[in-house]
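Engineer:
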Amino acid sequence: MNIFQKDKKIGFSHKTFTKNKKGYLLQENVFMRINTLGMVQDINLKTHGVLNDNFTLSSFDFKISSGRFNFSATGSVSGDMINIETRSSGASRTFDIKIKKKPYIAAGILDAIRATGLKAGEKYTFDVFDPTTMSQEPVMVSVLDIENINIQGSMKAATKLLMNFKGTTQFAWIGEDGEVLKEKGLLGINLEKTSRKDALYGLPLETGEDLTKVASIASNVVIKDAAVLQTLKLEIGGIKYSDVNLHGERQILTDNILTIDKESLSGLAPVLDVDNLETLEKIFMQPGPFIQSDHPKIKTQAKKIIQNEIVPFKKAKKLINWVYNNIEKRPVLSVPDALSTLENRIGDCNEHAVLLAALARASGIPTRIETGLAYINGRFYYHAWNLLYLGKWITADSAFGQIPADVTRIRFTTGSLQQLDLMSIIGRIKLKVIE
Numbered sequence: 002m003n004i005f006q007k008d009k010k011i012g013f014s015h016k017t018f019t020k021n022k023k024g025y026l027l028q029e030n031v032f033m034r035i036n037t038l039g040m041v042q043d044i045n046l047k048t049h050g051v052l053n054d055n056f057t058l059s060s061f062d063f064k065i066s067s068g069r070f071n072f073s074a075t076g077s078v079s080g081d082m083i084n085i086e087t088r089s090s091g092a093s094r095t096f097d098i099k100i101k102k103k104p105y106i107a108a109g110i111l112d113a114i115r116a117t118g119l120k121a122g123e124k125y126t127f128d129v130f131d132p133t134t135m136s137q138e139p140v141m142v143s144v145l146d147i148e149n150i151n152i153q154g155s156m157k158a159a160t161k162l163l164m165n166f167k168g169t170t171q172f173a174w175i176g177e178d179g180e181v182l183k184e185k186g187l188l189g190i191n192l193e194k195t196s197r198k199d200a201l202y203g204l205p206l207e208t209g210e211d212l213t214k215v216a217s218i219a220s221n222v223v224i225k226d227a228a229v230l231q232t233l234k235l236e237i238g239g240i241k242y243s244d245v246n247l248h249g250e251r252q253i254l255t256d257n258i259l260t261i262d263k264e265s266l267s268g269l270a271p272v273l274d275v276d277n278l279e280t281l282e283k284i285f286m287q288p289g290p291f292i293q294s295d296h297p298k299i300k301t302q303a304k305k306i307i308q309n310e311i312v313p314f315k316k317a318k319k320l321i322n323w324v325y326n327n328i329e330k331r332p333v334l335s336v337p338d339a340l341s342t343l344e345n346r347i348g349d350c351n352e353h354a355v356l357l358a359a360l361a362r363a364s365g366i367p368t369r370i371e372t373g374l375a376y377i378n379g380r381f382y383y384h385a386w387n388l389l390y391l392g393k394w395i396t397a398d399s400a401f402g403q404i405p406a407d408v409t410r411i412r413f414t415t416g417s418l419q420q421l422d423l424m425s426i427i428g429r430i431k432l433k434v435i436e
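Under the working numbering, the first residue of the sequence shown is numbered 2, with each subsequent residue one higher.
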């Protein structure tokens with residue numbers, strides 16, 4: 002299939018789906034040329050899946066590569082667990098993830114739907130496991146009516162499907178022979194069936210619009226110096242407040258008005274006793290699949306940075322300054338993980354956030370990742386930063402060297418780096434700065 006951003010071809014995908022004795026074999030290869038923050042980069046995603054007779058996932062092998070960054074994950078389902086092995090920067094990690102329901106893989110959903118007979122009005126829910134976030138989320142699919150669509154210059158009858166994932170709406174059209182003819186997704190990205198020759202040798206790949214700017218929101222006011230602001234008040238609409246985490250810590254949501262107050266640095270702890278932390282703080286001291294705070298390279302680097310410092314705020318300041326000064330600020334199209342970022346010394350806000358989280362946890366500082374919007378040059382862009390426990394929770398943005406982070410950082414999710422949690426607000430949220 003050709004991949005278009007609006008009317009520009011930015012990539013192609015190829016998928017095979019075959020029956021075997023135990024179920025099905027699925028292979029998908031996706032190549033895209035993406036423009037982010039004004040930089041054009043190629044990204045390649047490969048998925049191999051072994052599915053059971055009922056299209057649920059038995060095992061998978063996932064790889065993503067872009068420039069210097071390579072990430073792979075393999076997994077197999079055993080009862081209510083998925084046994085995972087990840088590999089990045091030459092290091093591997095194994096762990097188990099507990100699942101609530103039998104998992105599906107995203108690349109196999111349309112095949113599972115096709116097997117139902119595509120009866121108009123039917124609705125289905127698939128609990129999809131995503132190897133880029135190591136999480137399971139429901140995808141709701143509704144079978145709509147038959148439409149005639151133009152594919153490669155000829156009209157074809159196709160059954161239209163509506164797919165809802167985390168509040169976002171996507172569409173797919175399946176032809177009378179069962180083949181997927183077209184898909185329509187976020188940010189103007191569409192897929193259309195084509196021949197192998199046309200996908201590889203047809204229209205040359207072009208540079209699409211900058212996706213970061215397409216997703217951003219224009220501000221109704223110009224903020225000249227965000228660093229001096231102590232409070233920001235905004236009117237927020239267009240989204241379900243229950244889908245996000247707007248209220249709490251330094252943010253107060255009253256009706257549709259959000260007030261953000263910069264934290265005071267008074268009353269911080271002179272020292273943290275990691276053995277006597279509360280439950281929440283203990284959770285955010287633990288290593289994770291992408292926050293490898295227990296890896297020897299992370300621990301060694303953290304020790305070099307903080308040296309003999311014991312005061313939590315001073316340790317945090319050293320870590321933030323090091324990440325700010327040593328990680329080249331450029332977009333990366335990969336799964337953000339701390340170890341790869343430390344090795345490659347390149348990354349955008351996501352890489353800065355996972356690396357600071359790993360270094361801080363390795364230094365005895367409970368650390369969360371927050372995602373949301375940040376004001377930059379007249380627009381609000383999707384962004385990631387951190388929340389550090391220094392006796393109380395304080396925001397920090399190592400991509401800009403800030404602690405506390407300025408009040409134009411508007412949090413929508415907190416806890417772990419799951420940028421997909423923001424999918425429900427992209428293209429929907431309305432912002433108005435009122436004070």
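Cβ coordinates follow ideal geometry from the N, Cα and C atoms, glycine included.
With DSSP as the reference, please indicate the residues paired to Y105 in a beta bridge.
Structural biologist: By one-based count along the sequence shown, residue 105 stands at place 104. Answer is V129.
Engineer: Relative to the C-alpha of G238, which residue among I430, S196, K23 and N71 is closest?
Structural biologist: In the sequence shown, the residue the question calls residue 238 occupies position 237. Nearest option by C-alpha distance: I430.
Engineer: Would K433 and E236 be called neighbours here (beta carbons separated by less than 8 Å)?
Structural biologist: One-based indexing of the sequence shown puts residue 433 at position 432. One-based indexing of the sequence shown puts residue 236 at position 235. Yes, these two residues count as a Cβ contact at 8 Å.
Engineer: Is DSSP giving N378 helix, strand or coil here?
Structural biologist: Numbered from 1 along the sequence shown, position 377 holds the residue referred to as residue 378. In this structure, N378 counts as coil in the three-state DSSP scheme.
Engineer: In chain order, which beta strand (DSSP E) runs of at least 3 residues are fully inside the stretch 174 to 215?
Structural biologist: Taking 3 residues as the shortest admissible run, the stretch 174 to 215 contains the following complete beta strand (DSSP E) segments, listed from N- to C-terminal end: 181 to 185 and 190 to 193.
Engineer: Evaluate contact between the stretch 307 to 321 and the stretch 353 to 373, counting only Cβ atoms and requiring at least three cross-stretch pairs below 8 Å.
Structural biologist: yes
Engineer: Below 8 Å on the Cβ atoms is my contact criterion, and I expect Y1 with G402 to pass it. Report the Cβ-Cβ distance as a whole number of Å.
Structural biologist: It is not possible to answer for residue 1, since the shown part of the chain is limited to 2 through 436.
Engineer: Straight-line CA distance for M82 to K99?
Structural biologist: The sequence position of residue 82 within the sequence shown is 81, counting from 1. The sequence position of residue 99 within the sequence shown is 98, counting from 1. Distance between the alpha carbons of M82 and K99 is about 5 Å.
Engineer: Measure the alpha-carbon distance for Q420 versus K167 and round it to whole angstroms.
Structural biologist: In the sequence shown, the residue the question calls residue 420 occupies position 419. In the sequence shown, the residue the question calls residue 167 occupies position 166. Interpretation of Q420 is limited by its pLDDT of 47, a score under 50 that renders its predicted location unreliable; the figure taken from the coordinates is listed afterwards. Annotation: Q420 to K167 spans about 11 Å, alpha carbon to alpha carbon.
Engineer: Is it right to say K7 is buried, meaning 16 or more other beta carbons lie within 10 angstroms of its own, or is it exposed?
Structural biologist: Numbered from 1 along the sequence shown, position 6 holds the residue referred to as residue 7. With fewer than 16 other Cβ atoms within 10 Å, it is exposed.
Engineer: Between L357 and E180, what straight-line distance do the alpha-carbon atoms span, to the nearest angstrom?
Structural biologist: Locating residue 357 in the sequence shown gives position 356, counting from the first residue. Locating residue 180 in the sequence shown gives position 179, counting from the first residue. If you take the alpha carbons of L357 and E180, they lie about 45 Å apart.
Engineer: Would you call the CB atoms of F70 and V333 closer than 8 Å?
Structural biologist: By 1-based counting over the sequence shown, the position of residue 70 is 69. By 1-based counting over the sequence shown, the position of residue 333 is 332. Against a cut-off of 8 Å, the Cβ pair of V333 and F70 comes out as a contact.
Engineer: Are the CB atoms of D97 and L228 within a distance shorter than 8 Å?
Structural biologist: Reading the sequence shown from its first residue, position 227 is the one you call residue 228. Reading the sequence shown from its first residue, position 96 is the one you call residue 97. A small correction: the amino acid at residue 228 is Ala; Leu does not occupy that position in the sequence shown. For A228 and D97, no; Cβs fall outside 8 Å.
Engineer: Which one of S90, T48 and F172 has the shortest CA to CA distance from S341?
Structural biologist: As a first step, residue 341 is located in the sequence shown; it is residue number 340 there, counting from the start. Ranked by Cα distance from S341, the options S90, T48 and F172 are led by S90.
Engineer: Can you give me the Cβ contacts of T260 inside the same chain, cut-off strictly under 6 Å, excluding the 5 residues immediately before and after it?
Structural biologist: For the purposes of this step, residue 260 is taken as the residue at position 259 of the sequence shown. Once the five neighbours on either side are set aside, the close Cβ partners of T260 are K234 and I253.
Engineer: Measure the C-alpha to C-alpha separation of K194 and G12 and round it to an integer number of angstroms.
Structural biologist: The residue you call residue 194 lines up with position 193 of the sequence shown. The residue you call residue 12 lines up with position 11 of the sequence shown. In a straight line, the C-alpha of K194 is about 12 Å away from that of G12.
Engineer: How big is the Cα-Cα spacing for I426 and H248?
Structural biologist: In the sequence shown, residue 426 corresponds to position 425, counting from 1. In the sequence shown, residue 248 corresponds to position 247, counting from 1. Each residue's alpha carbon lies about 16 Å from the other.
Engineer: Using the C-alpha atoms, what's the distance from D62 back to Q287?
Structural biologist: Along the sequence shown, read from residue 1 onward, the residue named residue 287 stands at position 286. Along the sequence shown, read from residue 1 onward, the residue named residue 62 stands at position 61. The alpha-carbon atoms of Q287 and D62 are separated by roughly 26 Å.
Engineer: List, from N- to C-terminal side, the beta strand (DSSP E) runs of 3 residues or more that fit wholly inside the stretch 231 to 272.
Structural biologist: 232 to 238, 252 to 255 and 258 to 262
Engineer: List the whole-angstrom C-beta distance separating L343 from I299, where the pair is believed to meet the contact cut-off of C-beta under 8 Å.
Structural biologist: Translated into the one-based positions of the sequence shown, residue 343 becomes position 342. Translated into the one-based positions of the sequence shown, residue 299 becomes position 298. About 7 Å separates the two Cβ atoms, so the contact holds.
Engineer: Taking Cβ positions, are S397 and A317 nearer each other than 8 Å?
Structural biologist: Taking the sequence shown and counting its residues from 1, one reaches residue 397 at position 396. Taking the sequence shown and counting its residues from 1, one reaches residue 317 at position 316. Strictly speaking, residue 397 in this sequence is Ala, with Ser absent from that position. In contact: A397 and A317 (Cβ atoms closer than 8 Å).
Engineer: DSSP three-state label for D112, please.
Structural biologist: Locating residue 112 in the sequence shown gives position 111, where the first residue counts as 1. Note: D112 maps to helix in three-state DSSP.
Engineer: For M141, does the count of other Cβ atoms within 10 angstroms reach 16, so buried, or fall short, so exposed?
Structural biologist: Within the sequence shown, numbered from 1, the residue matching residue 141 stands at position 140. Label assigned to M141: exposed.
Engineer: Using only CA atoms, which one of L278, S67 and S59 lies nearest to D43?
Structural biologist: Here residue 43 refers to the residue found at position 42 of the sequence shown. Closest option to D43, Cα to Cα, is S67.
Engineer: With DSSP run on the structure shown, which of helix, strand or coil describes L334?
Structural biologist: Residue 334 sits at position 333 when you count from the first residue of the sequence shown. Three-state result, L334: coil.
Engineer: Go to P297, then tell me how far its alpha helix (DSSP H) extends in each direction, as first and last residue.
Structural biologist: In the sequence shown, the residue the question calls residue 297 occupies position 296. Residues P297 to I307.
Engineer: With H, G and I counted as helix, E and B as strand and the rest as coil, what does DSSP make of F314?
Structural biologist: Locating residue 314 in the sequence shown gives position 313, counting from the first residue. F314: helix per DSSP, three-state reduction.
Engineer: Ends of the alpha helix (DSSP H) at K283?
Structural biologist: Indexing the sequence shown from 1 puts residue 283 at position 282. Run containing K283: T280 to I284, per the alpha helix (DSSP H) assignment.
Engineer: Rounded to the nearest angstrom, what separates L111 and G176 at their Cα positions?
Structural biologist: Residue numbering aside, residue 111 sits at position 110 when the sequence shown is read from its first letter. Residue numbering aside, residue 176 sits at position 175 when the sequence shown is read from its first letter. Their backbone Cα atoms lie some 12 Å apart in a straight line.
Engineer: Closest to A400 by CA distance: which of C350, L192, K263 and N84 is it?
Structural biologist: Residue 400 sits at position 399 when you count from the first residue of the sequence shown. If we check each option's Cα against that of A400, C350 comes out closest.
Engineer: Hey, out of N3, I377 and Q293, whose CA is closest to T95's CA?
Structural biologist: For the purposes of this step, residue 95 is taken as residue 94 along the sequence shown, with counting starting at 1. Nearest option by C-alpha distance: Q293.
Engineer: Give me the Cα-Cα distance between L38 and N387, rounded to the nearest whole angstrom.
Structural biologist: Working through the sequence shown from its first residue, we reach residue 38 at position 37. Working through the sequence shown from its first residue, we reach residue 387 at position 386. Their backbone Cα atoms lie some 21 Å apart in a straight line.
Engineer: On the criterion of 16 or more Cβ atoms from any shown chain inside 10 Å, does E29 qualify as buried, or is it exposed?
Structural biologist: As a position in the sequence shown, residue 29 is number 28, starting the count at 1. With 16 or more Cβ atoms within 10 Å of its Cβ, E29 is classed as buried.
Engineer: Mapping DSSP to helix, strand and coil, what is K47?
Structural biologist: Here residue 47 corresponds to residue number 46 of the sequence shown, with the count starting at 1. In the structure shown, K47 sits in a strand (DSSP, three-state: E or B).
Engineer: Based on the DSSP output, what are the partners of V448 in its beta bridges?
Structural biologist: Beyond the ends of the chain as shown, which are 2 and 436, falls residue 448; an answer cannot be given.
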